Structures are given as structure tokens and as C-alpha cells.
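Numbering that gives the first Met the number 0 applies: residue 0 is where the sequence shown begins, and numbers increase by one. The beta-carbon is built from N, C-alpha and C at its ideal position, and this holds for glycine as well. Nothing here was measured: the structure is a model prediction, and the numbers come from that model.
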Amino acid sequence: MEEKEVDLRDYINMAKKRWKIILIIFLVSTITSGVVSFLLPKTYEVSALIRIGRMRNKLLEEPSTVIEIFNTRPMLEKVAEELNIPPIQEKLQELASKIKIKEKAELLEIKVKGETPEEALKLANGVITVLLNRHEQIFERAKMILEEYLASGKERLVEMEKEIEMFQRKIDQLGATDSDAKAMLARGYMDALEKSRVRYEQVQVELREKKMEESYGTVSTELVIPPRTPEKPIGPKKKQNILIAGILSLFIGFVCAAIVEYFEKSPTIS
């Protein structure tokens, strides 16, 4: 059987001959896509940027942890409570689908979607409030622990000062003596005094470092860019949907026309 050569003219002629099939499929697809796109509810998006706070130059919470916990039921329930939404499974799943948090250049970018500008803004504010409250609690706990440590360190310094004074008095009371026993006792007091002074200086240095950390390495979580009411919807993208539907329908129409042409030219099986 001799193989037939098919060139571009064959396809053009076939398209001209079967133009009705291609046109019908094109019109049906584009009109359907347009109608569906116009009937779909509009989607609005609100975004905000948050800088995670630090305590002693360490992040209060890693960005990956924040992203992970906002997919958990307890956090979604807190957001739902903030927005007065019933904390049922269906509502929580819908809520989770509208919230997107990702790390962006050492910041947290929060994006929230809603069917109206007001809904999107309200939801974004709810998420931000829950996150800021959570980090405020973490910050206050860490700050309280540091303050307790500093207070404890100050008490230790007072006790060491009393200990140093006590050893100094005992050494002064012994004074210069020829007694071997008293001399040994004096040397013991002097050694203890020196050790107490070393410990005292170490605690002082440690407390100074902690105070510096508290002053320069501590900052609470803050809202860098607040959410704003969106002016235009981000979806549905009507023009894009119609364009894609048109391109696909032309391809499908051409394939259907080729199939019809093939079966018409094929010999009938008796």
C-alpha cells in the first residue's frame, strides 16, 4: 500500500470544508466559558506583612512553625472565634482554604481571600489578631522568665556580698598571728574570699550580658504592612478563561473535523 503524503494544504482544505463543526465547537465552548465566568462569585484578596518578634536575638517563633500551626484545628478555631464563625468542621475547612501564609524575606506574608472586599479584610484582621495575641503571650512569658532570672541574679549578688564581708571580717579578726592553726584558718578564709570574689564578678558579667540582650535583642511581633480593603477582584479571570476556552475549542474542533473527514474517506466495510 502506497503511503500518502499529507501536507499543510490538506489540513487547510479540510478546515475549510468542515468549518461549521469547528465554528460550532468554538462558539459553544467560548460562550459556555463566558457565562460560567460571569456567574462565578468574585474573589477578593487582602495581604499583610508581619515581622516576627525576637527575644534575646532569637525569633519568638520560626516562620515554618507559624505556617504549620495555622493549618491546625485549634488555631483555626481561634480565628473562627475571633470572627464569630461556628467552629464546625465544614466552616473550618472553608476558613483554611481562604488563608495562605508564607515566608517572605524574613517576614510573614498573610494572604486571605473572600467573596467581598469586607469579608476578605475582616478575615485578614482576624488572622492577624490571633497571631499577634499568640506572639504577645510568648513574648510576655519569655520576658517574665528573663526578669525572674535577673532578679534571682541580683539576690545572688547580695548574698555573695554578705559572704565576702563575712570572710573579710573573720580575716581581720584573726589579724597577724604566729599560731600555725590560726594561720591555716586565715589562709582558708582568704581562699574562700578569693573564690567568692571570682564568682561575684562572673555573676556580674552574666547579668550585664542578660540586660544587654533584654535591651538590644528584644522586640515584639509587629504589623509592618497592614491589610487594606481591595478595590478590584482577583477572580474569576473572565478574559483569560474565555481565551483559554477559545484556543482549546479550536484544537478540539479541528480534531473532530479531522475524524469526520477520515471516516467519510474511509472505504465502507460491507
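Proximity to residue i [Cα-Cα], best of the options
i           : options               : result
residue 98  : 224, 112, 16 and 256  : 112
residue 78  : 232, 133, 249 and 192 : 133
residue 150 : 206, 85 and 68        : 206
residue 27  : 194, 264 and 248      : 248
residue 89  : 147, 123 and 76       : 76
residue 23  : 264, 253 and 165      : 253
residue 233 : 36, 166 and 172       : 36
residue 257 : 13, 171 and 60        : 13
residue 164 : 142, 145 and 189      : 189
residue 70  : 94, 80 and 81         : 94
residue 115 : 231, 56 and 147       : 231
residue 237 : 201, 34 and 195       : 34
residue 82  : 246, 123, 67 and 57   : 123
residue 160 : 202, 7 and 55         : 202
residue 169 : 152, 191, 148 and 153 : 191
Inter-residue spacing [alpha-carbon to alpha-carbon] between residue i and residue j
i           : j           : result
residue 105 : residue 92  : 28 Å
residue 72  : residue 96  : 13 Å
residue 255 : residue 20  : 8 Å
residue 85  : residue 45  : 22 Å
residue 268 : residue 261 : Caution applies to residue 268, whose pLDDT of 45 falls short of 50 and renders its modelled position unreliable; the value that the coordinates give is listed next. Whole-angstrom Cα-Cα distance: 14 Å.
residue 62  : residue 32  : 40 Å
residue 129 : residue 40  : 28 Å
residue 296 : residue 135 : Missing from the structure shown is residue 296; the chain here goes from 0 to 269 and no further.
residue 167 : residue 74  : 59 Å
residue 239 : residue 259 : 30 Å
residue 223 : residue 200 : 42 Å
residue 145 : residue 155 : 15 Å
Residues bridged to residue i [DSSP beta-bridge criterion]
i           : result
residue 113 : 43
residue 54  : 57
residue 102 : 107
residue 224 : 48
residue 218 : 53
Expected contact under 8 Å - CB spacing of residue i and residue j to nearest Å
i           : j           : result
residue 109 : residue 47  : 5 Å
residue 244 : residue 29  : 5 Å
residue 52  : residue 197 : The Cβ separation is near 36 Å, so there is no contact.
residue 157 : residue 100 : Going by Cβ atoms, the distance from residue 157 to residue 100 rounds to 47 Å, so no, they are not a contact pair.
Burial state of residue i, where buried means 16 or more other Cβ atoms lie within 10 Å
i           : result
residue 229 : buried
residue 220 : buried
residue 49  : buried
residue 125 : buried
residue 17  : buried
Closer than 6 Å: residue i CB and nearest the ligand GTP heavy atom
i          : result
residue 87 : You won't find the ligand GTP in this model; it holds no ligand whatsoever.
Closer than 7 Å to chain C by CB, residue i
i           : result
residue 256 : Among the chains of the structure shown, chain C does not appear; only one protein chain is present.
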